[in-house]
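Data block below; observations after.
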Amino acid sequence: MKIKQPRFVKSILNPAEKPFPELPEIAFVGRSNVGKSSLINTLVNIRNFARVSKKPGKTRTINFFNIDNRCYFVDLPGYGYAKAPKTEQKKWQRAIEPYLLENPKLRLLFVLVDAKVGAKDSDRQLIEWLQYHRIPFQIVATKADQISQGKWQKQRQLICEQLHLPADYPLIFFSAKNRTGRQDILGLIEKLLSE
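The opening position of the sequence shown corresponds to residue 79 in the working numbering, with each subsequent residue numbered one higher.
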């Protein structure tokens with residue numbers, strides 16, 4: 079999949095305010111500071127396309143990016159940021175749950191997990207919730223450059239174990255630094271959009 083003209087469309091808190099035209103949606107979610115914006119920037123091949131922050135909890139809205147009028151990339155707020163006020167956390171939950179549950183345009187949700195740190199309870203709870211509601215997802219282990227490739231298989235097993243997934247689950251390792259996994263993710267998106 080080649081991306082030629084990506085553009086930011088809008089930020090929303092209420093899923094009813096989704097942009098037009100309606101297009102298939104590919105969403106990205108993960109704990110705060112797991113690298114969602116960096117992944118989107120790498121996919122579209124534009125530095126600072128989606129804002130990157132060293133400060134956890136920066137993305138607090140649902141952000142839509144039009145990808146060549148073929149689909150939207152949707153950057154969802156990070157979860158699990160303990161310092162966010164409880165009212166903010168509830169706002170995020172009220173925005174994200176309806177977005178995921180009442181969205182026939184959602185083709186796939188990429189769930190990002192830190193490759194070095196592994197999965198946390200909040201990641202496992204999200205995966206169980208997605209499975210219960212039959213929402214299609216793909217796990218991506220970000221920041222893969224922070225561990226040696228020789229340890230990837232061990233980390234794959236650990237993350238699958240932590241998330242209660244089969245040992246042969248097709249986890250994708252990704253690095254914004256060296257672009258590992260970029261083609262795997264774009265290939266998967268292309269396949270989904272061609273169906």
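Where a beta carbon is used, it is the ideal one built from N, C-alpha and C, also for glycine.
Exercise. If you run the structure through DSSP and keep just helix, strand and coil, what is residue 136?
Worked result: Note that residue 136 has pLDDT 49, beneath the 50 cutoff, so the model's placement of it is unreliable and the number below is only indicative. Residue 136 falls in the coil class under three-state DSSP.
For this session: Tell me whether residue 150 is buried or exposed, calling it buried when 16 or more other Cβ atoms sit within 10 Å of its Cβ.
Result: With a 10 Å radius around the Cβ and a threshold of 16 neighbouring Cβ atoms, residue 150 comes out buried.
For this session: Determine the direct distance from the alpha carbon of residue 95 to that of residue 108, and round the result to whole angstroms.
Result: Distance between the alpha carbons of residue 108 and residue 95 is about 22 Å.
Problem set entry | Among 226, 207, 79, 176, nearest to residue 194 - alpha-carbon criterion | Minimum Cα distance to residue 194 is reached at 226.
Problem set entry | residue 222 versus residue 139: straight-line alpha-carbon distance, rounded | So the alpha carbons of these two residues sit roughly 26 Å apart.
Exercise. According to the neighbour-count rule (16 or more other Cβ atoms, all chains shown, within 10 Å of its Cβ), is residue 247 buried or exposed?
Worked result: Residue environment for residue 247: exposed (fewer than 16 other C-beta atoms within 10 angstroms of its C-beta).
Exercise. Is residue 259 buried or exposed, if buried means 16 or more other CB atoms sit within 10 Å of its CB?
Worked result: Residue 259 should be labelled buried.
For this session: Please classify residue 222: does DSSP put it in a helix, a strand, or coil?
Result: Residue 222: helix per DSSP, three-state reduction.
Exercise. For residue 122, which three-state DSSP category applies?
Worked result: Correct three-state label for residue 122: helix.
Exercise. Based on the DSSP output, what are the partners of residue 157 in its beta bridges?
Worked result: In the DSSP assignment, residue 157 forms a beta bridge with 109.
For this session: Taking only the alpha-carbon atoms, compute the straight-line gap between residue 207 and residue 220 and give it to the nearest angstrom.
Result: Those two C-alpha atoms are separated by around 21 Å.
Exercise. Hey, out of 116, 105, 122, 101, whose CA is closest to residue 84's CA?
Worked result: It is 122.
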